[in-house]
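Here is the structure we will look at, set down as structure tokens.
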Amino acid sequence: MSATIEARIWRGGAAGKFETFSVPRRESQTVLDVVTFIQRKLDPTLSYRFACRVGMCGSCAMTVNGRPRWTCRTHVARLGDGPLTVEPLANLPRIKDLAVDMAPFFDKWAKAGGKFVPSAAEGADFARVEPESEARRQADAGIECIGCAVCYSACDLVSWNPDYLGPAALNRAWTLVNDVRDGGQEARLSAVAGDAGCHACHSQQSCREHCPKSLNPTASIAGLKRASLRAAWKGGA
Amino acid sequence: MNFRARAETIAWGAQRASAAVLGVCVLVHLATILYAVRGGLTAAEILGRTRGSAALALFYGLFVVAVSIHAPLGLRTIARETFGWRGGALDLAAAAVAVFLVWFGWRAVGGLFG
Ligand code: SF4
Ligand code: SF4
Ligand code: FES
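Protein chains in written order, with the working numbering: chain A, 1 to 237; chain B, 1001 to 1114.
Okay, structure coming up:
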């Protein structure tokens, strides 16, 4: 391996260009380390986002060599010896350099009924949810999402239809559909089953392939399809 | 569920169900063709066998219905994703394609049967 990394970094907003930096190669170096080195030592005007550096906060996602990834846990050594290309996430408005505007992404969480709607009265006793129950297991499968938007950036459908709610928002809705304490299911199913919702998903699993937490939004979306079909069947008879 | 969500859900269910029917129909259709032309049949011989066959009319009648449900829904999705066309006019256009397919499909089945 060469002693330095040739890092091509996106500079500017929607209109911009790549700028190449030479960064010393180190052991166990992550893509975020490379970007941070550039910002601290070579060009303090470089903008990017991160917080936890340990794969928990979901703020450091960028497009690395053409693929959306969490940069704090992507080791440069595993990407091979060639030049490293870092761009902002796709499918979101570029603000500056490597930072995108995450608002459209999280707005869709709200649009997809991603807010918990308590059904119990205030002061009621704790709800008992059997850990082994089917609903609890379904919710568990999707609950570890860190909101990084990697899946959203990897979803072709979002690029074709900017209104499509996207894998993360629909995955969130599915965890709530399986929350037995939630009282907002009817409105939630209406929100997720519209013409830019779960039924539009192609089920080709790009979201699952790229999710750094190994979640399976495609399966969650399939669950929403079935749940809405059941609701439409019952309500429509 | 609101009207829009129910309509989209039913459209999705109809497309899945029609796909399942089409899968079977295509296999039966191919098997029938392979069987029918083994001895080198002429058009007249084929018509001789299909005329008056209620089973054939029923099978191909169903085939046409499945196509007429499946194809317009698929075209509607393509129009949305490729051209960004959405809303009531698109639904009407899809319905028109469905009517067109049923009409001409059944006419063709009628030609074989009658
Ligand atoms: S499976 Fe669905 S949500 Fe996931 S990337 Fe494909 S279209 Fe997008
Ligand atoms: S589902 Fe995975 S890729 Fe998508 S936002 Fe959540 S953690 Fe990130
Ligand atoms: S910095 Fe928090 S997940 Fe990467």
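Note that CB positions come from ideal geometry on N, CA and C, so glycine has one too.
Using the three-state DSSP reduction, which class does residue 11 of chain A fall into: helix, strand or coil?
For this step, residue 11 of chain A is matched to residue 11 along the first sequence. Three-state result, residue 11 of chain A: strand.
With respect to 7 Å, is the separation between the Cβ of residue 75 of chain A and the closest non-hydrogen atom of ligand 1 below this value?
By one-based count along the first sequence, residue 75 of chain A stands at place 75. Checking the Cβ of residue 75 of chain A against ligand 1 gives no.
Along the chain, which unbroken stretches of the alpha helix (DSSP H) at least 4 residues long are found entirely within the segment 91-163 of chain A?
103-111, 134-142, 150-154, 156-160
Comparing alpha-carbon positions, which option in A:149, A:165, A:132 lies nearest residue 141 of chain A?
In the first sequence, counting from the first residue as 1, residue 141 of chain A sits at position 141. Nearest option by C-alpha distance: A:132.
Residue 113 of chain A and residue 176 of chain A: beta carbons closer than 8 Å?
Residue mapping note: residue 113 of chain A aligns to position 113 of the first sequence, counting from 1. Residue mapping note: residue 176 of chain A aligns to position 176 of the first sequence, counting from 1. Yes, the Cβ-Cβ distance between residue 113 of chain A and residue 176 of chain A is below 8 Å.
Are at least three pairs of beta-carbons, each pair with one atom in the segment 184-195 of chain A and one in the segment 146-158 of chain A, less than 8 Å apart?
no
I'd like the list of long-range same chain contacts for residue 231 of chain A, defined as Cβ closer than 6 Å, with 5 residues on each side in sequence excluded.
As a first step, residue 231 of chain A is located in the first sequence; it is residue number 231 there, counting from the start. Excluding positions up to five away in sequence, the list reads 189.
Kindly indicate which three-state DSSP category residue 22 of chain A falls into: helix, strand or coil?
The residue labelled residue 22 of chain A in the question sits at position 22 within the first sequence. Residue state, collapsed to three classes: strand.
For residue 76 of chain A, does the three-state DSSP call read helix, strand or coil?
Stepping through the first sequence from its first residue, residue 76 of chain A is reached at position 76. Note: residue 76 of chain A maps to helix in three-state DSSP.
Tell me which same chain residues have a C-beta within less than 8 Å of the C-beta of residue 1025 of chain B, skipping the five on either side of it?
Residue numbering aside, residue 1025 of chain B sits at position 25 when the second sequence is read from its first letter. Same-chain partners within the cutoff: 1059, 1062, 1063, 1066.
For the candidate residues A:164, A:213, A:160, whose alpha-carbon lies nearest to that of residue 146 of chain A?
Taking the first residue of the first sequence as position 1, residue 146 of chain A is located at position 146. Here the closest residue by C-alpha is A:213.
Taking the C-alpha atoms as reference points, what is the distance between residue 233 of chain A and residue 68 of chain A?
The residue labelled residue 233 of chain A in the question sits at position 233 within the first sequence. The residue labelled residue 68 of chain A in the question sits at position 68 within the first sequence. In a straight line, the C-alpha of residue 233 of chain A is about 38 Å away from that of residue 68 of chain A.
Is it the case that the CB of residue 215 of chain A approaches a heavy atom of ligand 2 more closely than 7 Å?
One-based indexing of the first sequence puts residue 215 of chain A at position 215. Under cutoff, so the answer is yes.
Beta-carbon of residue 1005 of chain B versus every beta-carbon of chain A: anything under 8 Å?
For the purposes of this step, residue 1005 of chain B is taken as the residue at position 5 of the second sequence. Yes, because at least one Cβ of chain A sits closer than 8 Å to the Cβ of residue 1005 of chain B.
Starting from the beta carbon of residue 1013 of chain B, find every residue of chain A whose beta carbon is closer than 7 Å, and list them in chain order.
The sequence position of residue 1013 of chain B within the second sequence is 13, counting from 1. By Cβ distance, chain A contributes 229.
Any non-hydrogen atom of ligand 3 within 7 Å of residue 69 of chain A CB
Taking the first sequence and counting its residues from 1, one reaches residue 69 of chain A at position 69. No, Cβ of residue 69 of chain A sits at least 7 Å from all heavy atoms of ligand 3.
Would DSSP call residue 1105 of chain B helix, strand or coil?
For the purposes of this step, residue 1105 of chain B is taken as the residue at position 105 of the second sequence. Note: residue 1105 of chain B maps to helix in three-state DSSP.
Report the start-end ranges of each beta strand (DSSP E) in the segment 30-77 of chain A that is 3 residues or longer and not cut off at the edges.
61-64, 67-70
Label residue 1080 of chain B either buried or exposed according to how many other C-beta atoms from any shown protein chain fall within 10 Å of its C-beta, with 16 as the threshold for buried.
For the purposes of this step, residue 1080 of chain B is identified with residue 80 of the second sequence, where counting begins at 1. Buried, by the Cβ-count rule.
Measure from the C-beta of residue 1008 of chain B to each C-beta in chain A and report whether the shortest distance is under 8 Å.
Start at 1 with the first residue of the second sequence, and residue 1008 of chain B comes out as number 8. So, interface residue.
Run the proximity test for residue 1070 of chain B: is its beta-carbon closer than 7 Å to any non-hydrogen atom belonging to ligand 2?
As a working note, residue 1070 of chain B is residue 70 in the second sequence. No, ligand 2 has no heavy atom inside 7 Å of this Cβ.
On the CB-based measure, 16 or more other CB atoms within 10 Å of its CB, does residue 1 of chain A come out buried or exposed?
In the first sequence, residue 1 of chain A corresponds to position 1, counting from 1. Result: exposed.
Short of 7 Å in beta carbon distance, which residues of its chain neighbour residue 185 of chain A, apart from the five on each side in sequence? Order them along the chain.
As a first step, residue 185 of chain A is located in the first sequence; it is residue number 185 there, counting from the start. Closer than 7 Å at Cβ, skipping near neighbours: 177.
Name, please, each residue of chain B whose Cβ falls closer than 7 Å to the Cβ of residue 190 of chain A.
What you label residue 190 of chain A is simply residue 190 of the first sequence in a count that begins at 1. The answer, in chain order, is 1001, 1002, 1005.
My output table needs one value for residue 1024 of chain B: the three-state DSSP class, helix, strand or coil.
The residue labelled residue 1024 of chain B in the question sits at position 24 within the second sequence. Correct three-state label for residue 1024 of chain B: helix.
Residues bridged to residue 84 of chain A (per DSSP):
Taking the first residue of the first sequence as position 1, residue 84 of chain A is located at position 84. For residue 84 of chain A, which the question treats as bridged, DSSP gives the partners A:7.
What does the alpha-carbon distance come out to for the pair residue 28 of chain A and residue 221 of chain A?
On the first sequence, residue 28 of chain A is found 28 positions in, with the first residue counted as 1. On the first sequence, residue 221 of chain A is found 221 positions in, with the first residue counted as 1. So the two alpha carbons sit approximately 36 Å from each other.
Nearest-angstrom Cα distance between residue 51 of chain A and residue 84 of chain A?
Mapped onto the first sequence, residue 51 of chain A falls at position 51. Mapped onto the first sequence, residue 84 of chain A falls at position 84. If I take the Cα positions, the gap works out to 22 Å.
Give me the Cα-Cα distance between residue 1203 of chain B and residue 158 of chain A, rounded to the nearest whole angstrom.
Outside the displayed span of chain B (1001 to 1114) sits residue 1203 of chain B, for which this structure offers no information.
In chain B, which residues lie with their C-beta within 7 Å of the C-beta of residue 182 of chain A?
Stepping through the first sequence from its first residue, residue 182 of chain A is reached at position 182. Ordered by position in chain B, no residue passes the 7 Å Cβ test against residue 182 of chain A, which lies about 16 Å from the chain.
Whole angstroms are fine: how far does the CA of residue 170 of chain A sit from the CA of residue 54 of chain A?
In the first sequence, the residue the question calls residue 54 of chain A occupies position 54. In the first sequence, the residue the question calls residue 170 of chain A occupies position 170. Each residue's alpha carbon lies about 25 Å from the other.
So, at 6 Å on beta carbons, what are the nonlocal neighbours of residue 7 of chain A in its own chain, with the 5 sequence-adjacent residues on each side left out?
Counting from one through the first sequence, the residue named residue 7 of chain A turns up at place 7. The residues are 21, 23, 34, 84.
Contact with chain B by residue 111 of chain A, beta-carbon distance below 8 Å:
On the first sequence, residue 111 of chain A is found 111 positions in, with the first residue counted as 1. Not closer than 8 Å to any Cβ of chain B, the Cβ of residue 111 of chain A fails to qualify, so no.
I'd like the ranges of any alpha helix (DSSP H) spanning at least 4 consecutive residues and lying wholly in the segment 1005-1065 of chain B.
1043-1050
Between residue 1049 of chain B and residue 1112 of chain B, what straight-line distance do the alpha-carbon atoms span, to the nearest angstrom?
The residue you call residue 1049 of chain B lines up with position 49 of the second sequence. The residue you call residue 1112 of chain B lines up with position 112 of the second sequence. About 9 Å.
Taking C-alpha atoms, which residue in B:1030, B:1004, B:1023, B:1068 lies nearest to residue 1102 of chain B?
Looking up residue 1102 of chain B in the second sequence gives position 102. When each option's Cα is compared against that of residue 1102 of chain B, the closest is B:1068.
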